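All remarks here apply to the structure that follows.
There are 2 protein chains.
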Amino acid sequence: MPEEIRIITEVFSANDAIARQNQELLNQRGVYAVDLIASPGAGKTSLIEQTLKQLSPRFRISVVNGDLATQLDKERAEAAGAKAVNINTGGECHLDANMVRGALSSLDLSSFDLILIENVGNLICPASFKLGAHHLVVIASVPEGDDKPYKYPGTFAQADAVLLNKIDLLPYVPFNKERFIKGVKLLNPRADIIEISCLTGFGISKWCEWLVWRMAEIKSSNNRE
Amino acid sequence: MPEEIRIITEVFSANDAIARQNQELLNQRGVYAVDLIASPGAGKTSLIEQTLKQLSPRFRISVVNGDLATQLDKERAEAAGAKAVNINTGGECHLDANMVRGALSSLDLSSFDLILIENVGNLICPASFKLGAHHLVVIASVPEGDDKPYKYPGTFAQADAVLLNKIDLLPYVPFNKERFIKGVKLLNPRADIIEISCLTGFGISKWCEWLVWRMAEIKSSNNRE
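Residue numbers (the working numbering), protein chains in the order written: chain Z, 1 to 225; chain P, 1 to 225.
Below you can see the structure in the form of structure tokens.
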């Protein structure tokens, strides 16, 4: 095996082993976690704010924010009332399982029901690194264009849910919703597609229902084991 | 030096050497090239379409499209009348100098004045790989939010120009233009900032003037050598 490929294979397999340990730890503590992946500016932080607003009265939620250089997203999650942990990746283009392990170790996990992991803004690299979260949610947004599933297939193919955000901008930009949905379905027939607007609140209840339902499934499956 | 750092350093230095060769080749052939970097959906392909529309009557333009998996952007550049070359990165998150060397070798360079290189949609990784282009242009867009320079400093710090696209969406989304501009200026006082809308055509003439001016500067500097 060429040197470069050997090293890359070793990196992924080491990452996956730590991701499995992260998920075991979450299961032992009864915590459900989702990994949120999106382009810069698709609305990950706004989605977290809306989710906190709707679900904080019923669930104990923590946020793990991956960021290249700042703490801006962590500050927004804290302003929305969550216990938040910042992972400064120092320029690295994705979170990895080891970074998340560090973040989890700084939380008293038994105090939380749900952890929202906000990955670095990047529609490519984060999908290659499992973190140990139970589900992967991709957030796309209307102004990014209807061709995104076709152009970033690796990420959309792995999503458990695809949120189509900024649906309020449909009247103002060229966007063929059928083409977008067809692209997602072609790559990934099992992904749920939910239209939302973090600006107006449209669809946020439906997304929160999805989240609560999936959390219940995972917790019930863990209780049976 | 640890093994991983040694390999990464070698990768960058090998890439930079090829980038310098690419630029020498472009200079010998009298071709000016820009590297266009942006998030997915910020408007790189639309910008290329608008630029072709405005400058094709005066200059011979080729487009090099970096894409993870499809040829969609190349097809749009061709439909707009350009000779286009697709680089399918096979999932790789950025163009590198060696990929661009391959693309340049497939073009009769002396037939062109200007090459627009459309990098992979990613606001992080492409900035680490010089391609041999004379200038780096970053395209941001209003719906991505005014915090982008602060959150992706490595890319904005290297830009020769920052285009703020989708300015027509200002009435519909929260965006503090002063905060955005302040962020760019803090990181990079020398970058020109140009507001555009590839949908309405606003600012495209100003951008094309920038491009023609820079092309003239580079060509005149090469002629003096």
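For every residue, glycine included, the Cβ atom is placed at its ideal position computed from N, Cα and C.
These numbers were taken from a predicted model, which means no experiment stands behind them.
- When beta bridges are read from the DSSP output, Leu116 of chain Z appears opposite Z:Val34, Z:Val63.
- Residue contact check for Lys148 of chain P against chain Z: a CB pair falls below 7 Å.
- For a Cβ distance threshold of 8 Å, residue set Asp147, Tyr150, Lys151 of chain P lies close to Leu72 of chain Z, ordered along the chain.
- With contact defined as three or more Cβ pairs closer than 8 Å, the stretch 61-72 of chain P and the stretch 166-175 of chain P are not in contact.
- Taking 8 Å as the upper bound for CB-CB distance, Lys53 of chain Z and Ala80 of chain Z are in contact here, some 7 Å apart.
- A residue is called buried when at least 16 other Cβ atoms come within 10 angstroms of its Cβ; Asp108 of chain P does not meet this threshold and is exposed.
- The contact set of Asn122 of chain Z on chain P, defined by CB atoms closer than 7 Å, consists of Asn122, Ile124 in chain order.
- Identification of chain Z residues near Cys93 of chain P by a Cβ-Cβ cut-off of 8 Å yields Cys93, Asn122, Ile124, Cys125, ordered along the chain.
- A distance of 7 Å or more separates the beta carbons of Leu36 of chain Z and Val162 of chain Z.
- One Cα belongs to Gly102 of chain P, the other to Ala14 of chain P, and the distance between them is close to 15 Å.
- Cβ proximity to chain P below 7 Å picks out Ser39, Pro40, Gly41 from the stretch 30-53 of chain Z.
- Against Glu144 of chain Z, the close residues of chain P are Pro40, Gly41, in the order they occur along the chain (beta-carbon pairs closer than 7 Å).
- Look at Ala69 of chain P: its C-beta is under 7 Å from a C-beta on chain Z.
- Looking at the DSSP output, Asp192 of chain Z sits in a beta bridge with Z:Ala161.
- Any Cβ of chain Z closer than 7 Å to the Cβ of Gly66 of chain P would place that residue at the interface, and such an atom is absent.
- The closest CA to that of Ser205 of chain Z, considering only Z:Thr51, Z:Gln71, Z:Thr45, Z:Val11, is found on Z:Thr51.
- A buried status is given to Asn86 of chain Z, since no fewer than 16 other beta-carbon atoms sit within 10 Å of its beta-carbon.
- By the rule that beta-carbons nearer than 7 Å mark a contact, Gly201 of chain P does not touch chain Z.
- Under the 8 Å Cβ criterion, the stretch 120-133 of chain Z counts as touching the stretch 17-26 of chain Z, having at least three qualifying pairs.
- When the Cα atoms are used, Gly121 of chain P and Ala216 of chain Z turn out to be separated by approximately 36 Å.
- Taking a 10 Å sphere around the C-beta of Ile117 of chain P, we find 16 or more other C-beta atoms and assign the residue as buried.
- Within the same chain, no residue comes within 8 Å of Trp213 of chain Z by CB-CB distance, once the 5 residues on both sides are set aside.
- DSSP, read as helix, strand or coil, puts Ile181 of chain Z in helix.
- Around Gly90 of chain P, no beta-carbon contact reaches into chain Z at under 8 Å, the shortest distance being about 10 Å.
- Under the DSSP assignment, Lys83 of chain Z falls in the beta strand (DSSP E) whose first and last residues are 83-88.
- Rounded to whole angstroms, the separation of the alpha carbons of Lys151 of chain P and Pro143 of chain Z is 20 Å.
- Counting along the chain, Val137 of chain P sits inside the beta strand (DSSP E) bounded by residues 135-141.
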